[in-house]
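Please read the structure below before turning to the comments.
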Amino acid sequence: MKIIKKILHNPSAVAGLVLLLFICLCVTIGPLFTPSVTDQNLLNQFASSSAEHPMGTDEFGRDVFARIVMGGRYTLISGIVSVILGLAVGIIMGAASGYYGGACDYIIMMICDIMLAFPSVILAMAITIVLGSSMFTLMVAVGISSSPIFARLVRAQFMSLRDATFVEATRLSGASDLRIIFCHLLPNSMGPILIQGTLRIGSSILLAATLSFLGLGVQPPTPEWGSMLNSARQYMWESPMLGVWPGLAITVTVIAINLIGDALRDYLDPRTRSLL
Amino acid sequence: MKKIFVLTAVVIASLLCVASCGSSQTGQSTEAQQPAEIQQGDAQIQVADQLVILIGANASTFDPHKCSDSNTEMLNKNIYSGLVQFDKELSILPDLAYEWLLADDDLTWTFRLREGVTFHDGSAFNAQSVKFSFERALAEETASPRRYVLESISEINVLSDYEVQIVTSYPNGAFLQQMAHPVAGIVSQAAVDAYGEDYVSHPTGCGPFKFVEWSVGERVVLERNMNYYNGAPMVEKLIFNVVPDDTTRSLLMQSGEADVALRLPSSDVQRLEKTGLINVISDNSVMTMFVAMNGTKPALDDVRVRQAMNYAIDKEAIISQALNGMATVADCPMSPVTWGYNSIFTYEHNVEKAKALLAEAGYADGLELTLQTAVGRYLQDVQVCQIMQEMWAKAGITVHIEQWEYQALQSEMKKGEFDMLLLGWSPSTGEANQALYPTLHSSQWPPNYNRAHYANETVDSLLLKGQQTIDPDERMAAYKEAETIIMDEAPWVFLYYVQDAIATGSNVEGVIVLPTEHILFKDVFIK
Amino acid sequence: MLKYFLKKLGMVLIVLIGAATCSFVVLHAIPGDTAQAIAGPQATMEDVERLRASMGLDKPLTEQYKSYIIGLCHGNLGFSYHNGKPVWDLVAAAWPNTMRLALSSMLVAILLGIPLGVLAAVKRGRVADTISMVIAFIGISMPSFWLALLLILLFCVNLNLVPFYGIQGWQSYILPSVTLGVHAAASIARMTRTGMLEVLGQDYIRTARGKGLQESRVVFLHALRNAAISIVTIIGLQFGILLGGQVVTETIFSWPGIGRMIVDALNSRDLQIVQGGILILACTFAVINLLTDLLYGILDPRIRYN
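Residue numbers (this note's numbering), protein chains in the order written: chain A, 37 to 312; chain B, 441 to 967; chain C, 3 to 308.
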């Protein structure tokens with residue numbers, strides 16, 4: 037309860053939550069009210085904003101507003117799922133590394149360093165090309181590129197908590213390693229993990245949009261904001277607004293998520309809590 | 441504290457030094473030259489300093505025997521000359537050979553060569569150069585990707601300094617067109633011997649332009665060959681700038697920063713023409729776009745289904761909406777500018793007929809198929825697929841589109857397990873054998889290029905006849921018959937022929953655009 | 003100090019060899035046949051096989067890997083399959099362009115970010131703070147390629163002010179640097195603000211103010227210097243992220259750098275170039291991290307005296 041009260045006092049957090057709720061609402065209910073995303077009307081290409089088409093039409097005469105609203109689903113889902121994937125992989129790596137230490141730690145951190153030595157876009161590109169282009173592989177690629185960051189985080193947390201008294205006590209009472217890791221160490225590390233996770237949703241959305249922009253990712257006619265930006269590039273003359281709407285949508289969504297992430301960090305991170 | 445700032449300054453300074461080392465690639469800095477004035481007929485045309493041309497992709501290699509992409513072949517066509525050459529209608533004109541005869545055995549060709557021609561490095565061109573060049577192209581060690589163009593050659597004999605004899609292993613009706621192909625460009629033996637592996641950095645031919653400089657990924661510079669036997673070109677330098685982005689190319693043309701731009705997006709063509717400062721040359725190329733339907737798959741093995749697939753598509757709509765009108769509806773498996781073309785017929789847009797045919801074949805309840813396409817490989821490929829998906833849906837055919845990265849698709853195609861593929865085919869020799877044989881002869885099933893798995897004995901023998909007959913009328917008759925059968929049996933959804941558009945400044949004249957996507961600058965001048 | 007440096011250097015070398023191996027494995031796992039890619043879409047299968055043999059691509063993978071690693075140790079990055087030029091030459095031509103863009107973007111980021119962060123920290127809680135942070139926020143949330151498109155739309159398409167393709171003199175640096183720099187500037191601004199706020203709350207700042215020092219001296223001479231540690235860390239971090247983001251920016255602006263070289267080579271399956279490019283980028287990344295670590299070690303007295 038204290039958390040909620042504290043958060044509600046933070047104006048940027050409130051703004052972020054409201055924005056995100058609004059986006060989620062649009063994205064879940066919106067498609068029920070808008071025209072079909074795939075209906076092509078080749079006689080009405082590049083129409084400008086009107087009552088019927090609030091954001092105009094694209095190169096196939098499809099309603100842009102409908103595609104943006106529908107595309108939000110893919111964007112949000114891919115952002116969340118890829119972070120969950122990254123968390124899963126990262127937590128396993130970081131837990132093993134931080135808890136067992138020694139050679140295990142060395143090898144896993146070496147792998148993380150190697151993964152971090154690649155620019156994330158290139159790593160994700162290579163994975164997408166190997167696995168083939170689809171929504172799912174996009175999420176896997178983006179998830180894998182953020183896993184070393186989570187791994188490092190979890191490892192740092194575990195290493196500082198590993199020798200705490202309560203852990204020793206649990207060990208003495210005969211708990212197995214797995215139990216200690218998942219029931220005791222992990223819950224106590226949730227703070228930074230939550231913060232980083234929320235913030236990574238934003239950067240995952242950006243990375244996914246970048247990959248779609250480069251042509252890897254979802255199949256047509258799926259409306260995904262990044263690939264919509266990519267097609268808009270060709271039509272900058274006919275319809276400059278085509279390039280504005282998807283980018284605006286991405287920016288607004290990431291802003292909302294970052295606001296929430298920031299608020300979480302302000303609350304949970306003891307160093308910055310004093311600055312509130 | 442001071443130490444820290446000194447250290448930081450040192451670090452930043454060293455980073456800056458490192459960054460400014462290395463070849464500095466500043467923009468084109470051409471010194472102003474005094475244009476020479478030459479009397480040309482009645483008009484006095486000045487030799488222009490330079491011509492800036494925008495191309496969409498990096499050059500690959502200037503060794504014509506190792507080159508396989510049409511972009512670089514276009515460059516090579518301006519550096520090297522061959523025995524014969526194409527004109528705009530793809531008829532054969534003399535180049536380094538001024539005369540040729542075919543013996544009665546239909547296998548022995550004798551070429552009489554021009555005298556007094558020199559390579560860019562000064563060495564003399566003669567029959568020995570021809571023999572050297574072709575033998576190099578055919579050699580195992582060269583591993584030429586275009587070797588198939590010359591594979592009919594069985595021996596080359598030097599009869600005298602300016603007479604060379606080439607013997608083919610079978611009567612080859614397409615022989616002269618193959619001799620006009622970029623792989624048949626003559627290279628300087630002296631240069632190859634001198635540079636060996638490094639020859640790619642010193643390409644030497646006898647063409648209208650000499651190689652000067654190549655910054656990979658940025659620019660290729662050629663300069664005019666003053667000793668070109670047809671008269672030196674009227675432009676001092678050709679500067680090819682690599683601009684991969686279509687929109688950027690047209691914007692640069694508009695701002696006047698470039699004189700010629702290749703491969704413009706169709707949406708920009710009309711806009712550029714309206715400005716009045718730019719001429720757009722657009723014409724049919726040899727590229728035919730089609731959907732190959734795998735004839736070994738259930739449903740697609742029935743000719744009625746395949747015809748229905750054709751009837752369901754409104755090709756005019758695709759052309760006007762996705763391609764801004766820059767294409768022509770296909771009425772033959774090859775484009776009108778290819779030798780061997782005959783106008784057979786078009787499958788008009790008729791959804792009712794499509795449905796009727798499907799019902800006849802037993803698919804009244806509809807059909808489900810997958811279409812695989814590369815992304816960005818062909819103009820508007822993804823968009824065209826999406827439009828066709830909608831059209832087929834109206835006829836009760838549900839098509840799923842699979843987008844592939846082009847190279848991955850190449851490997852996948854070889855397995856031959858697909859339903860349908862969106863493809864383009866441009867016969868590099870501009871004639872019927874290359875247009876039909878690899879794509880429709882039964883011996884060329886995947887992993888080769890007959891992706892429709894088409895097999896028809898009559899067509900097979902007709903194609904073979906066309907390949908191995910010299911008499912053009914006989915060849916044409918054979919091809920016409922084959923094309924009629926092919927159109928009837930519809931192994932493909934015949935879509936359209938692509939029109940290539942290049943933009944030139946309104947003061948640029950004399951650019952020769954060949955339908956084989958090669959562009960010649962030897963006659964260019966600036967008004 | 004020396005031991006710290008050597009240890010870090012050792013790590014860097016191991017990471018680089020690991021990166022080279024990883025990229026070798028991944029690139030050969032990518033579907034798509036290099037020999038077919040080079041032979042083109044009309045070559046016969048015999049021609050493709052002949053080409054494959056001439057490039058040594060028909061040898062078993064382990065042999066290819068061995069010759070690659072041995073070559074690396076001799077400084078040989080291999081040859082481009084497409085044009086036969088040594089990869090080292092191609093990389094050496096593209097790298098300075100990438101680094102120049104990265105440095106100018108970093109300059110933009112520092113020039114925009116630090117003053118913004120300082121302003122926000124000093125005017126904490128007031129309008130200037132809120133506005134600065136809102137700007138910074140938008141900066142980190144925007145996709146950089148969208149910013150690039152907007153800038154091109156505004157300055158080139160409509161106003162025709164600056165060039166936006168290739169390198170044509172110093173004007174060409176403007177748009178790409180701004181595109182890349184904005185995101186980094188935003189992060190730097192936020193970090194600067196946080197760092198400054200931490201420092202400004204310390205006792206010695208209060209002492210300096212109590213002594214009657216001018217506010218500007220307090221802020222710049224004392225506070226900023228002490229906040230430098232976290233600022234330098236974030237600059238180093240952002241540089242790495244910048245290098246990654248350059249791939250897309252180089253594509254949009256047709257910038258002849260390593261990022262674009264890698265993407266082009268990836269599309270044509272010229273694997274040697276891709277490996278060479280990735281290795282150089284990883285190298286640069288590692289060196290920058292090393293320098294940042296070093297700088298951190300020097301700046302933070304706690305590490306220096308340990």
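Cβ coordinates follow ideal geometry from the N, Cα and C atoms, glycine included.
These numbers come from a predicted model, not from an experiment.
Taking 9 Å as the CB threshold, B:Thr838 stays off the interface with chain A. For B:Glu949, the three-state secondary structure derived from DSSP is strand.
Contact check for B:Ser706 and B:Ala941: beta-carbon distance about 7 Å, within the 8 Å limit, so the pair qualifies.
CA-CA distance, B:Ser510 to B:Ser866, rounds to 10 Å.
Around the beta-carbon of C:Trp172, fewer than 16 other beta-carbon atoms lie within 10 Å, marking it exposed. Judged by DSSP secondary structure, B:Gln617 falls outside any beta strand (DSSP E) and instead within the alpha helix (DSSP H) spanning 615-619. Under the three-pair Cβ rule at 8 Å, the region 587-605 of chain B counts as touching the region 567-579 of chain B. B:Asn511 has no beta-bridge partner at all, per DSSP. In the DSSP annotation of this structure, the continuous segment of the beta strand (DSSP E) that includes B:Tyr538 starts and ends at 537-542. About 7 Å separates the beta carbons of A:Phe194 and A:Ser225, which is inside the 8 Å limit, making them a contact pair. Note: B:Glu808 is bridge-paired with B:Thr838 in the DSSP secondary-structure output. Residue contact check for B:Ala767 against chain A: no CB pair falls below 9 Å.
Note on C:Ile233: 16 or more other CB atoms within 10 angstroms of its CB, so buried under the neighbour-count rule.
When 7 Å is used as the limit between beta carbons, A:Gly251 is near these residues of chain B: Val815, Gly816, in chain order. Contact annotation: the region 117-131 of chain C does not touch the region 245-264 of chain A, with fewer than three C-beta pairs closer than 8 Å. Listed along chain A are Arg269, Gln270, Met272, each with a C-beta nearer than 7 Å to that of B:Thr687. Residue pairing for A:Ser209: DSSP places it in no beta bridge. With contacts defined as CB atoms closer than 9 Å, B:Met619 and B:Asp771 fail to qualify as a contacting pair.
Listed along the chain, the chain B residues whose CB falls inside 9 Å of the CB of C:Ala284 amount to none; the nearest CB is some 17 Å away. Taken in chain order, the members of the region 130-141 of chain C whose beta-carbon sits within less than 7 Å of a beta-carbon on chain A are Phe139, Ile140.
Per DSSP, B:Trp779 lies in no beta strand (DSSP E) and is assigned neither H nor E.
Residues of the region 25-51 of chain C with a C-beta atom less than 7 Å from some C-beta of chain B are Pro33, Gly34, Asp35, Gln38, Ala39, Ile40, Ala41, Gly42, Gln44, Ala45, Thr46, Met47, Asp49, listed in chain order. Note that the region 746-760 of chain B does not touch the region 897-907 of chain B; fewer than 3 beta-carbon pairs, one per stretch, sit closer than 8 Å. About 16 Å separates the Cβ atoms of B:Pro648 and B:Glu513, ruling out a contact at the 8 Å cut-off.
Note on C:Ile264: 16 or more other CB atoms within 10 angstroms of its CB, so buried under the neighbour-count rule. In the DSSP assignment, the residues bridged to B:Val598 are B:Val604. Apart from sequence neighbours up to five positions away, the residues of its chain that approach C:Ala138 with a beta-carbon distance below 6 Å are Ala188, Ala191, Arg192, ordered along the chain. Apart from the 5 residues on each side of it in sequence, B:Lys834 sits with its Cβ closer than 8 Å to the Cβ of Ala752, Val791 in its chain, given in chain order. Between A:Glu95 and chain B, the shortest Cβ-Cβ separation is below 9 Å.
Taken through DSSP and simplified to helix, strand or coil, B:Trp549 comes out as strand.
Contact with chain C is found for B:Thr501, since one of that chain's Cβ atoms lies less than 9 Å from the residue's Cβ. With respect to chain B, the C-beta atom of A:Gln81 has a partner C-beta closer than 9 Å. Distance from the CA atom of B:Val660 to the CA atom of B:Val743, rounded to whole angstroms, is 50 Å. Not a single C-beta of chain C is nearer than 9 Å to the C-beta of A:Val117. For C:Ser256, the closest alpha carbon among the candidates B:Arg554, B:Met916, B:Arg689 is that of B:Arg689.
Ser256, Pro258, Arg262, Met263, Asp266, Asn269, Ser270, Arg271: these are the residues of the region 256-271 of chain C whose beta carbon lies less than 8 Å from some beta carbon of chain B, given in chain order.
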